[in-house]
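Sequence positions in the sequence shown follow mature numbering (1 follows the signal peptide of the UniProt record, and there is no 0) and run -16 to -1, 1 to 370. Please read the structure below before turning to the comments.
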Amino acid sequence: MKFSILALGSAISVNAAVLGQRATYAVVGKPEGFATGVTGGGSAACQIPSGIAQLKSWLADSTARCIVLDKEFNFKGSEGTTKEKGCRPASNKCPGNGGQDAINKASWCTNGNAGAGVTTIDVTYDTAGVSGLLVGSNKSLIGVGAKGVIRGKGLRIANGAKNVIIQNIHITELNPQYIWGGDAIAVDGSDLVWVDHCKFSLIGRQMFVLGNGASNRVTLSNNEFDGNTKWSATCDGRHYWGIYLTGSSDLVTMKGNYIHHTSGRSPKIGGNTLVHAVNNYFHDNTGHAFDNGASGGKVVAEGNVFQNVKTPLLENKGQFFGSPSTGANAVCSANLGHACVLNSFGSSGALGGTDTGFLSNFKGKTIAKASAASTSVASTAGVGKI
């Protein structure tokens, strides 16, 4: 077999270009707020997994890694399907097939959570979607452009895993027709987690959830939570199960996220969790954005935009400071290092929240900076926008 010198030179040139391009793969920027200090895979050389089996193995192992996704990794069908008894909850009064039925996880269909008038039905779902890929400590998972997609399976950072970065990844299509169909990212009993410039769409259950165990320091920044769906628990094309922050005394920074076309839990907060929600854009929510009910959390919400949000705050059974006025916002300076910034409202309800006694909980911690509320977040959040 013969090769021309010209062809061989071209091949070497192309390969060198590819290697050079891969050598530039790296986490972009650093987190603000509570997850400051996270390093993920650190100086580990970035590698591209060959397929879903290698991706699963690399994420779960005990080696510090930088894992690069430059294509879609499709888990749908990889674990078969499951057919079992589920239910049609009382909330599913949608005409045609526009509602969400439910998988009977944690006996949800039979313990009263499905509401009065629940109907037992057969459900068939993709098995891979209901359990996330385990993520070990010291991992960076990054996408290339808008190509890094995980379809049909989410991520689970738990069991003491810490120091994890997820950046520029789109997680989608986790049994969206079913409540309990799967969580995009679940964190439980972990620490130092940064989720940045990711997108979540067509998720059956929560787009992001902190479990009941302490998850300590978490930053969610520049993510797009896209609630558009044709399987809506509220029968209006909007996803209800958005962001669930009910861990044990967790510290959560939410900055620069675009949360749109949802109808609830955007976020739901409890478990004595301390939340700093700053410069997020909540758009087109037919139900509620914040729900500080149940056990309640401690929340400062500043510099956010609420556009077409029916109920910015559903209830407050914890402590909530909603940056109500320029005069009142000066109280933040002593503990957050800056005067809180006014929120912005367009065709939306009121936020409220004037509690200040808990602000000392922020003192001494690394706090994200605040800018004036802006809808420009919509153009900077999500995948392919770093």
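Even for Gly, the Cβ is constructed at its ideal location relative to N, Cα and C.
8 Å Cβ cutoff met for residue 273 and residue 293: Counting from one through the sequence shown, the residue named residue 273 turns up at place 289. Counting from one through the sequence shown, the residue named residue 293 turns up at place 309. It is a contact, given that the beta carbons lie within the stated cut-off.
N-terminal and C-terminal residue of the beta strand (DSSP E) that residue 178 is part of: Here the question's residue 178 lines up with position 194 in the sequence shown. First-last of the beta strand (DSSP E) with residue 178: 175 to 180.
C-alpha gap between residue 106 and residue 138, whole angstroms: Position 122 of the sequence shown holds residue 106. Position 154 of the sequence shown holds residue 138. Cα-Cα distance, rounded: 24 Å.
Buried versus exposed, by CB contacts within 10 Å (16 or more), residue 199: The count along the sequence shown starts at 1 and reaches residue 199 at position 215. Its Cβ being crowded by 16 or more others within 10 Å, residue 199 is buried.
Given residue 23 as reference, the closest of 67, 179, 76 once Cα atoms are compared: As a first step, residue 23 is located in the sequence shown; it is residue number 39 there, counting from the start. Per the Cα distances, 179.
Residue 346, DSSP secondary structure in three states: To locate residue 346, count along the sequence shown from 1; it is residue 362. Here residue 346 sits in helix by DSSP.
Sub-8 Å separation of residue 128 and residue 165 beta-carbons: As a first step, residue 128 must be located in the sequence shown, where it is residue number 144. As a first step, residue 165 must be located in the sequence shown, where it is residue number 181. Against a cut-off of 8 Å, the Cβ pair of residue 165 and residue 128 comes out as no contact.
Helix, strand or coil at residue 18 [DSSP, three-state]: Counting from 1 along the sequence shown, the entry for residue 18 is found at position 34. Helix, per DSSP.
Exposure label - residue 16; buried when at least 16 CB within 10 Å: Stepping through the sequence shown from its first residue, residue 16 is reached at position 32. The residue is buried, with at least 16 neighbouring Cβ atoms inside 10 Å.
3 or more residues per run - each beta strand (DSSP E) lying fully within the segment 23 to 72: List check, beta strand (DSSP E) in window: 49 to 53, 56 to 58, 65 to 72.
Alpha-carbon to alpha-carbon, residue 197 and residue 370: Here residue 370 corresponds to residue number 386 of the sequence shown, with the count starting at 1. Here residue 197 corresponds to residue number 213 of the sequence shown, with the count starting at 1. Each residue's alpha carbon lies about 32 Å from the other.
Residue 286 - partner residues in DSSP beta bridges: Reading the sequence shown from its first residue, position 302 is the one you call residue 286. Beta-bridge pairing links residue 286 to 262.
Touching by the beta-carbon criterion (3+ pairs, under 8 Å), the segment 203 to 217 and the segment 56 to 72: With contact defined as three or more Cβ pairs closer than 8 Å, the segment 203 to 217 and the segment 56 to 72 are not in contact.
DSSP beta-bridge partners of residue 103: Your numbering for residue 103 matches position 119 in the sequence shown. Residue pairing for residue 103: DSSP places it in a beta bridge opposite 72.
Neighbourhood of residue 11 by C-beta, 7 Å cutoff - its chain only, sequence neighbours within 5 removed: Numbered from its first residue, the sequence shown carries residue 11 at position 27. Cβ neighbours of residue 11 beyond the five flanking positions: 24, 124, 126, 149, 151.
DSSP-derived helix/strand/coil call for residue 368: Here residue 368 refers to the residue found at position 384 of the sequence shown. Of the three classes helix, strand and coil, the one that applies to residue 368 here is coil, per DSSP.
Residue 375 in three-state terms, based on DSSP: In the structure as shown, the chain starts at -16 and stops at 370, and residue 375 therefore has no counterpart that could be examined.
Collapsed DSSP secondary structure at residue 86 in the structure displayed: Taking the first residue of the sequence shown as 1, we reach residue 86 at position 102. Of the three classes helix, strand and coil, the one that applies to residue 86 here is strand, per DSSP.
Residue 237, enclosing beta strand (DSSP E) - first and last residue: In the sequence shown, the residue the question calls residue 237 occupies position 253. Annotation for residue 237: the continuous beta strand (DSSP E) segment containing it runs 235 to 239.
Assigned exposure category for residue 47 - 16 Cβ within 10 Å defines buried: On the sequence shown, residue 47 is found 63 positions in, with the first residue counted as 1. Its Cβ having fewer than 16 others within 10 Å, residue 47 is exposed.
C-beta contact flag for residue 228 and residue 194 at 8 Å: Here residue 228 corresponds to residue number 244 of the sequence shown, with the count starting at 1. Here residue 194 corresponds to residue number 210 of the sequence shown, with the count starting at 1. Yes, the pair counts as a contact, with Cβ atoms nearer than the cut-off.
Closest residue to residue 252 among 243, 226, 357, 349 (Cα-Cα distance): Numbered from its first residue, the sequence shown carries residue 252 at position 268. Residue nearest to residue 252 within the set 243, 226, 357, 349 is 226 (criterion: CA-CA distance).
Distance, residue 80 Cα to residue 182 Cα: Start at 1 with the first residue of the sequence shown, and residue 182 comes out as number 198. Start at 1 with the first residue of the sequence shown, and residue 80 comes out as number 96. Each residue's Cα considered, the two are about 32 Å apart.
Residues of its chain near residue 267, where Cβ-Cβ distance is below 6 Å and the 5 sequence neighbours each way are ignored: The residue labelled residue 267 in the question sits at position 283 within the sequence shown. If we look at residue 267 and ignore the five residues flanking it on each side, its Cβ neighbours are 244, 291.
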